[in-house]
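Here's the structure, in C-alpha cells; my notes come after.
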Amino acid sequence: MNTFELFVPGRVCLFGEHSDWAGGHRRTNSAVVPGVVIISGTNQGMYARCRKHPGELVVRSTLPDGTVTETFRVPMTLDRLQREAEAGGFFSYAAGVAAYMLDFFGVDGLEIDNYKTTLPVKKGLSSSAAFCVLVARAFNQAYQLGLTTRAEIEAAYQGEIATPSRCGRMDQGCAYGQIPVMMAFDGDRISVTPLRPGGDFHLLVADLCGKKDTVRILSDLNAAFPFAKSPRDAEVHRCLGEENQRILVQARAAVESGDAAGLGTLMTEAQAVFDRHLMPVCEELKSPRLHAVLADPQVAAWVYGGKGVGSQGDGCVQFICKSAAARGELEAYLQGRYGMPCFELDIKRPASIRKAVIPVAGLGTRMFPYTKAVPKTFLPVVTPDGVAKPVIQVIIEEALSAGVEEVALVIQPEDEPRFRAYFQTEVRAETLAKLPPALKLEAERLSAIGKRLTFIPQHEAKGFGHAVLLAEKWVGNEAFLLLLGDHLFRSAETRSVARQVVDRFQAFGDSQSVVGIYEETLARVKHYGTVTGEWVEDDTLQLHRFFEKPTEDEAQTYLAVARHGRSLFFCVNGVYALRPALFGLLRQQAASAGNEEIQLTPALEALRQEEGVKGLVVCGAHFDTGIPAIYAETVGKFVGEVR
Ligand code: UTP
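Using the numbering used here, the first residue of the sequence shown is number 937, and each one after it goes up by one.
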C-alpha cells in the first residue's frame, strides 16, 4: 500500500482577531460589519506518514518533546468514531474528522504516523486545527477524493466541532500552508483568499509567559453582540467592524507589496485601536506584560512594529523585524531580559518560477550510433559524491535546486516507457535489499523526483524552439526555467548555477528574462549562441543582441564586450529564466517556419527587442555531453576529485 508524507503548519493571526466570531453575529444582526482576518501558516507544524488501512483508524503521534503516544485504534464505523470524538482528548480530533469523511465520502480506514511535531501546543497556534487538517488531507489523498483546500478546511472544522473542544473558524486556514491568507466572515459564510507576499517578512513571536483567560475575554466581548446596547458596546462593534476593515485593507496591500515597514506600523496601530476600544471592556485586555514589551525602547531598535497574538491578553506578542539579523538580536534580548521563549515565523515572497522545462527529444545525431540504442540524455556521468547517474537526472536535480516544484521533459513519444521506468517505477525489492544505505537514499531520491515529472511528447524533432513551444500549455502564463537536456553545471558558489539565474530574475522584480552567460574564447564562439550588451551590474549585461553561432569576424565586429579593460566574448550557457511572452514569439516563428526547424535564438532576440533580456555571468562552469570528444572530457571533469 502506498505511503505518503504530509506536513501541515500551525497558524498565527496577524490582524483581525475576534472579528471572525463578531462577523458571525450577522446571522442575527445584519448591521454588524463582516469580520476579516489575515493569518499566516507557521514555520513549525506536524509531519506525518499516512496510508490506507482496511477497516480501522490507526493514529500514533509524536509530541513536541519527542514523546511518542500509544497507538490509537478505532473501527471505521460512524457510531464508534462519533463516540471517540465526543470523549475528548487529542485523538478525538482524528475521530471527529474521520467520522465526517466516512459520513460524507464513504471512505475506509487510515493509518497516520505523526512522526514529528515542531509546533508548540496550547500557544494559540491552532495545533488542534493543524491536526484536523492533517487528518482531512490524509483521507483526501489516500482515497483520491479530489477535495479542494477549502473543502479540507470544512472537513477539519466539522471534525473539530464534533469534539468537546471549541475552535474558531479561522483556525483551519493553516491548510493553505506557510503563506498568508485573508479570511472574511459573514454570518455562516466564509471566504478565503490566499495572498501573494511581495517580499520577505521576518516575524518573531514570543511567549509572554503571562496568564490569559480566553474564555473571559470572549465572554466580555461577546456581551456587546449581536445588538449594541450602550456606547461602550458600540465601540466594540466599531473596533471589530469598520476599524478592523480599514486596517485590514492596508495590511493586505502591505503584504502584497512586500512593505515590511508599513506592515509593522500597521501592527502597532492595530494594537492602539484595540486598546482604545476594547481594553475598557475586559480587565484581561490590560495585559501588562504585553504592553511592557511593546513599549520597551530597546525592542523598538529591531522592529518596525508589533502587537498581541490571537485573543490577546498576556499570551503571545508578535513583531515585524527589520531584518533576519535584527530578529536574531531581538530573540536573544527577549530571552535574556524577560525569559520569554521565542519562535521565528517567515513569510516569504513565493518563488516566481515554479516550473522547469527540459527538452530532450532531439535526435542526438552527433552521438550516433549510441543514440540508436539509448537517448543521449541517459548517458552516464559520475557525480562528485561518487554516484553514477544518467545526465537527465543531474539536470533535473539542477532545476530542482533552483526552487522549482515541477519539471516537464519534452521527449520523443517512444522514449516515454524508458523515462517512466527510470523515474516512476519502484526499485525491485531484491535490488533494494542489496543496496548500501547511501544508495538506498538514492532510490528514495529518485522516487521523489518521479512525483514532480511530467512528460510532453514531441512527435517530430522540429527543433529546440519547437520543443519549448510544446510546453506552453503546461507552463501557462507564468515565468519558467528552461534548461538544455545535454548540459551539466558545477557552481563555484553556494547556490547552484540555475539558482543564480532564477535569483537574478527575481532580483529585477521578474521584469525581464535572464539568461546565464559565460566567457568564451573567440575561436569557439562559432559553436554557440553569443551575446553582446552593456553592463548594468558588475556581472549583468543588458543584452543588445543574440547571435547564433557567429563567425570569428562577425564576433569581432559586432559582439565584443569590454570588461575590466579587456575585450571579451560571452555565450549563453543553457540556463534561461524566461517570461511567458516567449511563447507568443515562438508561435509567430512557427507560423512562418514551414518545414524549417524552430530555433530558440530568434525568439530570444524578438523577446529582447520587445521586453529586454539580461545576461548574468554565472559563477561556475558548464559541461556539454552532446558531442563525443567533449562528453569524454566532461565525464572526467564533472566528477572532480575522484575519490
Ligand atoms: P541539440 O541542438 O543538441 O540537438 O538540442 P540534438 O538533437 O539533441 O543533438 P544533435 O545536434 O542531433 O547531435 C538541444 C536540446 O534540445 C533538445 C535536445 O534533446 C537537447 O536537449 N531538442 C532538440 C528537442 O527536444 N527537440 C528537437 O527537435 C531538437
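No residue lacks a Cβ here, since even glycine has one placed at the ideal position from N, Cα and C.
These figures come from a predicted structure and were not determined experimentally.
Closest Cα partner of residue i within the set the options
| i | options | result |
| --- | --- | --- |
| Val1549 | Ala1513, Val1033, Thr1570 | Ala1513 |
| Arg1426 | Thr1390, Thr1053, Glu1533, Phe1559 | Phe1559 |
| Thr1301 | Leu1140, Ala984, Ala1031, Pro1564 | Pro1564 |
| Pro1130 | Gly1576, Glu1366, Arg1285 | Arg1285 |
| Tyr1494 | His1480, Ala1526, Pro1056 | His1480 |
| Gln1077 | Tyr1112, Lys1573, Asn938, Gly1113 | Asn938 |
| Val1209 | Gln1436, Ser1193, Glu1533, Glu1178 | Glu1178 |
| Glu1488 | Ala1459, Tyr1464, Glu1396, Gly1501 | Ala1459 |
| Gly1583 | Tyr983, Asp1321, Gln1478, His954 | Here the chain comprises residues numbered 937 to 1579, so residue 1583 is not present and cannot be evaluated. |
| Leu1070 | Leu1299, Asp1143, Ala1034 | Ala1034 |
| Val1191 | Gly1246, Gly1399, Ile1115 | Ile1115 |
| Glu1022 | Ile1453, Leu1081, Pro1100, Leu1424 | Pro1100 |
| Glu1333 | Leu1424, Arg1188, Glu1352, Glu1490 | Leu1424 |
| Glu1163 | Gly960, Ala1236, Arg1356 | For the sequence presented, residue 1163 should be read as Phe rather than Glu. The shortest C-alpha separation from Phe1163 is found at Gly960. |
Residues of its chain near residue i, where Cβ-Cβ distance is below 7 Å and the 5 sequence neighbours each way are ignored
| i | result |
| --- | --- |
| Ala1196 | Gly1135, Phe1137, Tyr1240, Ile1256 |
| Gln1181 | Val969, Val972 |
| Arg963 | Gly1123, Asp1124 |
| Gly981 | Phe943, Val944, Pro945, Gly946, Thr1054, Leu1055, Ala1066 |
| Phe1359 | Leu1382, Ile1385, Gly1386, Leu1389 |
| Gly991 | Pro1011, Met1012, Asp1044, Gly1045 |
| Ala1324 | Pro1316, Val1318 |
| Lys1573 | Phe1559 |
Whole-angstrom C-beta distance between residue j and residue i, which should lie under 8 Å
| i | j | result |
| --- | --- | --- |
| Val1172 | His1213 | 6 Å |
| Ala1335 | Ile1294 | 7 Å |
| Val1010 | Leu993 | 5 Å |
| Asp1475 | Leu1540 | Between Leu1540 and Asp1475 the Cβ distance is about 19 Å, and since that is not below 8 Å, they are no contact. |
| Cys1507 | Tyr1454 | 6 Å |
| Asn979 | Glu1280 | 6 Å |
| Glu1535 | Gly1399 | First, the residue type needs correcting, since residue 1535 is Gln and not Glu in the sequence shown. Contact holds; Cβ gap of about 5 Å. |
| Val1004 | Arg1016 | Their Cβ separation, rounded to whole angstroms, is 24 Å, which puts Val1004 and Arg1016 out of contact at 8 Å. |
Where residue i falls, given that 16 or more other Cβ within 10 Å makes a residue buried
| i | result |
| --- | --- |
| Lys1222 | exposed |
| Asn1509 | buried |
| Asn965 | exposed |
| Phe1314 | buried |
| His1395 | exposed |
| Val1438 | buried |
| Thr1085 | buried |
| Ala1527 | exposed |
| Lys1148 | buried |
| Phe1304 | exposed |
| Leu1368 | exposed |
| His1500 | exposed |
| Gln1207 | buried |
| Thr1457 | exposed |
| Val1245 | buried |
| Asp1250 | buried |
| Asn1531 | exposed |
Contacting residues, own chain, Cβ-Cβ under 8 Å from residue i (five flanking each side not counted)
| i | result |
| --- | --- |
| Val1411 | Lys1291, Val1293, Ala1344, Pro1516, Phe1519 |
| Arg1381 | none |
| Asp956 | Gly971, Val973, Gly1104, Arg1105, Met1106, Met1119, Phe1121 |
| Ala1446 | First, the amino acid is wrong: residue 1446 is Asp here, not Ala. The residues are Ser1288, Ala1415, Arg1515. |
| Glu1546 | Ala1517, Leu1521 |
Residue i, enclosing beta strand (DSSP E) - first and last residue
| i | result |
| --- | --- |
| Gln1207 | Note, Gln1207: premise wrong, no beta strand (DSSP E); alpha helix (DSSP H) at 1196-1214. |
| Tyr1240 | 1239-1244 |
| Leu1514 | 1502-1514 |
| Gln1181 | Unbroken run through Gln1181 is the alpha helix (DSSP H), 1180-1193; no beta strand (DSSP E). |
| Asn1531 | Segment: none, Asn1531 is in no beta strand (DSSP E) and carries neither H nor E. |
| His1138 | 1137-1143 |
| Asp1122 | 1116-1122 |
| Tyr1036 | Tyr1036 -> not in any beta strand (DSSP E); alpha helix (DSSP H) instead, spanning 1026-1041. |
| Glu1456 | 1449-1456 |
| Glu1047 | 1045-1053 |
For residue i, the first and last residue of its enclosing alpha helix (DSSP H)
| i | result |
| --- | --- |
| His1558 | Here His1558 belongs to no alpha helix (DSSP H); instead the beta strand (DSSP E) covers 1556-1560. |
| Gln1234 | 1233-1236 |
| Ala1379 | 1373-1386 |
| His989 | That residue, His989, is in no alpha helix (DSSP H); its beta strand (DSSP E) goes 971-989. |
| Ser1288 | First-last for Ser1288: undefined, no H or E at that position. |
| Tyr1306 | 1306-1309 |
Cβ-based neighbour list, residue i, same chain, cut-off 6 Å, excluding 5 preceding and 5 following
| i | result |
| --- | --- |
| Gln1094 | Tyr1036 |
| Gly1421 | Ile1294, Pro1295, Val1296, Thr1313 |
| Thr1468 | His1480, Arg1481, Leu1495, Val1497 |
| Val1229 | Val1253 |
| Pro1277 | Asp1143 |
| Arg1579 | Any reading at Arg1579 needs caution, since the residue's pLDDT is 37, under 50, leaving its predicted position unreliable; the model's value is listed next. The residues are Gly1322. |
| Gln1108 | Ala1065, Val1069, Ile1089, Ala1092, Tyr1093 |
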